[in-house]
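Q: This is the structure, below, for whatever I ask next.
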Amino acid sequence: MPATPTPSTPSRWDLFCRVIDNHGDLGVCWRLAADLAHRGVQVRLWIDDARALTWMAPQGQAGVQVMPWRDPLADELPGDVVVEAFGCDPPAAFVARMAAAVVPPVWINLEYLSAEGFVERSHGLRSPQWSGPGTGLDKWFFYPGFTPRTGGLIRERHLGLPVDEAPGSPRPSAAELLQAHGLLLPPDRDIERTVLLFGYRQPALPGLLEALAGGHGPGRTRLLVTPGWSAEAVGDWLGAPMRPGAPAVARGRLQLIPLPALPQTAFDRLLAACDLNLVRGEDSLVRALWAARPMLWQLYPQEDTIRLTKLQAFLDVHLDDAAPPGLRAAFEAWNGARTWTAGDWSTLLEAALPPVSTRRTAGWTDWSAARARQLAQGRPDLTSALLDFARQHRSRTG
133 MPATPTPSTP SRWDLFCRVI DNHGDLGVCW RLAADLAHRG VQVRLWIDDA RALTWMAPQG
193 QAGVQVMPWR DPLADELPGD VVVEAFGCDP PAAFVARMAA AVVPPVWINL EYLSAEGFVE
253 RSHGLRSPQW SGPGTGLDKW FFYPGFTPRT GGLIRERHLG LPVDEAPGSP RPSAAELLQA
313 HGLLLPPDRD IERTVLLFGY RQPALPGLLE ALAGGHGPGR TRLLVTPGWS AEAVGDWLGA
373 PMRPGAPAVA RGRLQLIPLP ALPQTAFDRL LAACDLNLVR GEDSLVRALW AARPMLWQLY
433 PQEDTIRLTK LQAFLDVHLD DAAPPGLRAA FEAWNGARTW TAGDWSTLLE AALPPVSTRR
493 TAGWTDWSAA RARQLAQGRP DLTSALLDFA RQHRSRTG
């Protein structure tokens, strides 16, 4: 049952989101809207293209009203809090109504996730509006992040995420999870390792695929391939298309499973069931961290200097002295900062993530679980931090 906000909690929120190209912005906004609603907040989610929600969140969420973002926007009065995701600029007429309100809403710009130093310096800064339809209002910058001096990360307590479970808690297998969505995996008792691939096109992938296909030792690897760029890139490597939900394909010691588009909740559970997650963008990075499993993150394609600066900032925060040897180099190779051969990938996998039957120490697996728990402990989740931030600033304007 959703929680009931306290009397001082702003209970009506407007959340604005523009879908860019990869649904990552929408993924973050839907998770935030659903988590707010679960805590008793009424949310209007204004989206310019909501089609992806048919597979991303087919059941919807009580308390979240999906609204079409058109220009001009419907003549709606703003709620207690207005969040513009990633600087998307709400419609001018809506902002004018915000400025005309007797008690103006708290106006928050939710920024992109980064581990760079400017995030701590910029989190919570005020931006007075001196011109335009919002003249007289304050816009507040809210930065997600990995440290206590930021807005934190979305972590829905009611979902029972793996990071919040006791160490060693049983998890369903990937085959069991996919069967619930109508995908029957071929029986293969030799499968020793399950890997999920969700990424952008990039030159490092063929080398990793060759390493998995030609792996040494007992057992085989099952690769779960998400639709879109991942399926296209794997299809190019195979020389045959990978269509969502099609039968499995074998190449050497590698079994390839083309996945259909999955709801967010199913995707999250699948991450927790895999031995290695290769993820991309902001939303899936956070989900991979909370899955508490080994992962490599591919950043959104940008100019090399910008992207690699962001990568190094994340690695400086994420990797500690106990991290498996070679992991920083693997992240760099996965993001094009260095060139790795199939042999390099094989060396990493055999040392840090060997097949279960030959594994003497958990290495990367245990470290990932411990690192996720450290990240979660003693820090507010993003939704809680946003609620507190809005409550404090609403009381000042009210």
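Position 256 of the sequence shown, counting from 1, maps to 388 under my numbering, and the rest follow consecutively. Ideal Cβ positions, reconstructed from N, Cα and C, are used throughout, including at glycine.
1. By DSSP, does THR267 sit in helix, in strand, or in coil?
2. Counting C-beta neighbours from all protein chains within 10 Å, is the total for PRO139 16 or more, i.e. buried, or is it exposed?
3. Out of MET374, ARG321, TRP466, THR267, which one is the CA nearest neighbour of ALA232?
4. Count the other CB atoms within 10 Å of the CB of GLN396; is the residue buried (16 or more) or exposed (fewer)?
5. Quick check on this structure: which residue in LEU447, VAL411, ASP407 has the alpha carbon closest to the alpha carbon of ASP498?
6. Rank ARG505, LEU518, ARG526 by C-alpha distance to the C-alpha of GLY300 and give the top, closest one.
7. The alpha helix (DSSP H) with ASP322 in it runs from where to where?
8. What's the gap between the Cα of GLU435 and the Cα of PHE446?
9. Taking its Cβ as the centre, do 16 or more other Cβ atoms sit within 10 Å of PRO200, making it buried, or is it exposed?
10. Quick one: what's GLN174 bridged to in DSSP?
11. My assumption, with CB atoms under 8 angstroms, is that VAL214 sits in contact with TRP239. Please give the rounded CB distance.
12. By Cβ distance, which residues of its chain are closer than 7 angstroms to LEU431, with the 5 residues on each side in sequence left out?
13. Helix, strand or coil for SER478? Go by DSSP, reduced to three states.
14. With 16 as the cutoff for other CB atoms within 10 Å, does SER259 come out buried or exposed?
15. Going by beta-carbon coordinates alone, are ARG144 and ARG176 separated by less than 9 angstroms?
16. Report, in whole angstroms, the separation of the C-beta atoms of PRO376 and ALA393, which I expect to be a contact under 8 angstroms.
17. Can you give me the C-alpha to C-alpha distance between ALA420 and VAL295, rounded to a whole angstrom?
18. Using the Cα positions of ARG511 and LEU168, report the straight-line distance between them to the nearest angstrom.
19. Between which residues of its own chain and GLY156 is the CB-CB distance below 7 angstroms, once the five residues before and five after are set aside?
20. Measuring straight from C-alpha to C-alpha, what distance separates ASP513 and ALA372?
21. How would you write the range of the alpha helix (DSSP H) that SER254 sits in, first residue to last?
22. With a threshold of 7 angstroms on Cβ separation, who are the neighbours of TRP472 within its own chain once the five nearest residues in sequence on each side are excluded?
23. Count the other CB atoms within 10 Å of the CB of GLU342; is the residue buried (16 or more) or exposed (fewer)?
24. Nearest-angstrom Cα distance between VAL173 and THR353?
25. For ILE179, is the classification buried or exposed, using 16 other Cβ atoms within 10 angstroms of its Cβ as the cut-off for buried?
26. Compare the Cα-Cα distances from GLY292 to each of TYR332, GLY284, PRO302 and report the closest residue.
27. Evaluate ILE389 with the Cβ neighbour count: other Cβ atoms within 10 Å of its Cβ, from every protein chain shown; 16 or more gives buried, anything less gives exposed.
28. Check whether the segment 449-458 and the segment 320-327 touch, using three or more Cβ-Cβ pairs below 8 angstroms as the test.
29. Rounded to whole angstroms, what is the Cα-Cα separation between GLN387 and ALA345?
30. Please list, in chain order, all residues of the same chain as LEU402 whose beta carbon is under 8 angstroms from its beta carbon, the five residues on each side excluded.
31. Whose C-alpha, out of VAL411, VAL449, ALA206, is nearest the C-alpha of SER246?
32. Considering just the uninterrupted stretch of the beta strand (DSSP E) at THR353, what are its terminal residues?
33. Whole angstroms are fine: how far does the CA of ASP207 sit from the CA of PRO223?
34. Taking only three categories from DSSP, how would you classify ALA97?
35. Cβ atoms of ASP400 and TRP429: under 9 angstroms apart, would you say?
36. Whose CA, out of ILE286, MET374, MET427, lies closest to the CA of ALA508?
A: The relevant details are as follows:
1. The residue given as residue 267 occupies position 135 in the sequence shown. Looking at THR267 - three-state DSSP - the assignment turns out to be coil, as it is neither helix nor strand.
2. Position 7 of the sequence shown holds residue 139. Low confidence applies to PRO139: its pLDDT is 49, below 50, so where it sits in the model is not reliable enough to give any reading.
3. Mapped onto the sequence shown, residue 232 falls at position 100. Scanning MET374, ARG321, TRP466, THR267 for the CA closest to the CA of ALA232 turns up THR267.
4. Counted from its first residue, the sequence shown places residue 396 at position 264. GLN396 is buried by the Cβ-count criterion.
5. Taking the first residue of the sequence shown as 1, we reach residue 498 at position 366. The residue from LEU447, VAL411, ASP407 with its alpha-carbon nearest to that of ASP498 is ASP407.
6. Counted from its first residue, the sequence shown places residue 300 at position 168. Ranking the options by Cα distance to GLY300, first place goes to ARG505.
7. Taking the sequence shown and counting its residues from 1, one reaches residue 322 at position 190. Annotation for ASP322: no alpha helix (DSSP H) segment contains it, and DSSP assigns it neither H nor E.
8. Residue mapping note: residue 435 aligns to position 303 of the sequence shown, counting from 1. Residue mapping note: residue 446 aligns to position 314 of the sequence shown, counting from 1. The straight-line gap from Cα to Cα measures roughly 17 angstroms.
9. The residue given as residue 200 occupies position 68 in the sequence shown. Label assigned to PRO200: exposed.
10. Residue mapping note: residue 174 aligns to position 42 of the sequence shown, counting from 1. Partner(s): ARG144.
11. Here residue 214 corresponds to residue number 82 of the sequence shown, with the count starting at 1. Here residue 239 corresponds to residue number 107 of the sequence shown, with the count starting at 1. Contact holds; Cβ gap of about 5 angstroms.
12. Your numbering for residue 431 matches position 299 in the sequence shown. Excluding positions up to five away in sequence, the list reads ARG439, LYS442, LEU443, ASN467.
13. Position 346 of the sequence shown, counted from the first residue, corresponds to residue 478. Assigned with DSSP and collapsed to three states, SER478 falls in helix.
14. In the sequence shown, the residue the question calls residue 259 occupies position 127. SER259 is exposed by the Cβ-count criterion.
15. What you label residue 144 is simply residue 12 of the sequence shown in a count that begins at 1. What you label residue 176 is simply residue 44 of the sequence shown in a count that begins at 1. Contact flag set, yes.
16. Taking the sequence shown and counting its residues from 1, the one referred to as residue 376 is at position 244. Taking the sequence shown and counting its residues from 1, the one referred to as residue 393 is at position 261. Separation of the CB atoms of PRO376 and ALA393 is rounded to 7 angstroms, and the pair is thereby assigned contact status at 8 angstroms.
17. The residue labelled residue 420 in the question sits at position 288 within the sequence shown. The residue labelled residue 295 in the question sits at position 163 within the sequence shown. Taking the straight line joining both Cα atoms gives about 10 angstroms.
18. Counting from 1 along the sequence shown, the entry for residue 511 is found at position 379. Counting from 1 along the sequence shown, the entry for residue 168 is found at position 36. Whole-angstrom Cα-Cα distance: 18 angstroms.
19. Taking the sequence shown and counting its residues from 1, the one referred to as residue 156 is at position 24. Cβ within range, chain order: GLY413, GLU414, ASP415.
20. Here residue 513 refers to the residue found at position 381 of the sequence shown. Here residue 372 refers to the residue found at position 240 of the sequence shown. Going from the Cα of ASP513 to the Cα of ALA372 covers about 43 angstroms.
21. Translated into the one-based positions of the sequence shown, residue 254 becomes position 122. Looking at the DSSP string, the run of the alpha helix (DSSP H) that includes SER254 is 250-254.
22. Numbered from 1 along the sequence shown, position 340 holds the residue referred to as residue 472. Answer for TRP472: ALA336, GLY339, ALA465, listed in chain order.
23. Here residue 342 refers to the residue found at position 210 of the sequence shown. With 16 or more other Cβ atoms inside 10 Å of its own Cβ, GLU342 counts as buried.
24. As a position in the sequence shown, residue 173 is number 41, starting the count at 1. As a position in the sequence shown, residue 353 is number 221, starting the count at 1. Whole-angstrom Cα-Cα distance: 44 angstroms.
25. Start at 1 with the first residue of the sequence shown, and residue 179 comes out as number 47. Counting Cβ neighbours within 10 Å, ILE179 comes out buried, since at least 16 surround it.
26. Taking the sequence shown and counting its residues from 1, the one referred to as residue 292 is at position 160. Distance check between GLY292 and each of TYR332, GLY284, PRO302 places PRO302 closest, using alpha-carbon atoms only.
27. Counted from its first residue, the sequence shown places residue 389 at position 257. Buried, since its Cβ has 16 or more Cβ neighbours within 10 Å.
28. Fewer than three beta-carbon pairs drawn from the segment 449-458 and the segment 320-327 are found closer than 8 angstroms, and the two stretches are therefore not classed as touching.
29. In the sequence shown, counting from the first residue as 1, residue 387 sits at position 255. In the sequence shown, counting from the first residue as 1, residue 345 sits at position 213. Those two C-alpha atoms are separated by around 8 angstroms.
30. Locating residue 402 in the sequence shown gives position 270, counting from the first residue. Counting only Cβ-Cβ distances below 8 angstroms, and skipping sequence neighbours, we find ALA306, LEU309, LEU310, LEU328, LEU356, LEU394.
31. Counting from one through the sequence shown, the residue named residue 246 turns up at place 114. Closest option to SER246, Cα to Cα, is VAL449.
32. Indexing the sequence shown from 1 puts residue 353 at position 221. In this chain, the beta strand (DSSP E) harbouring THR353 covers 352-357.
33. On the sequence shown, residue 223 is found 91 positions in, with the first residue counted as 1. On the sequence shown, residue 207 is found 75 positions in, with the first residue counted as 1. Cα-Cα distance, rounded: 11 angstroms.
34. Past the edges of the chain, shown from 133 to 530, lies residue 97, and the structure says nothing about it.
35. Numbered from its first residue, the sequence shown carries residue 429 at position 297. Numbered from its first residue, the sequence shown carries residue 400 at position 268. The answer is no: Cβ separation not under 9 angstroms.
36. One-based indexing of the sequence shown puts residue 508 at position 376. Here the closest residue by C-alpha is ILE286.
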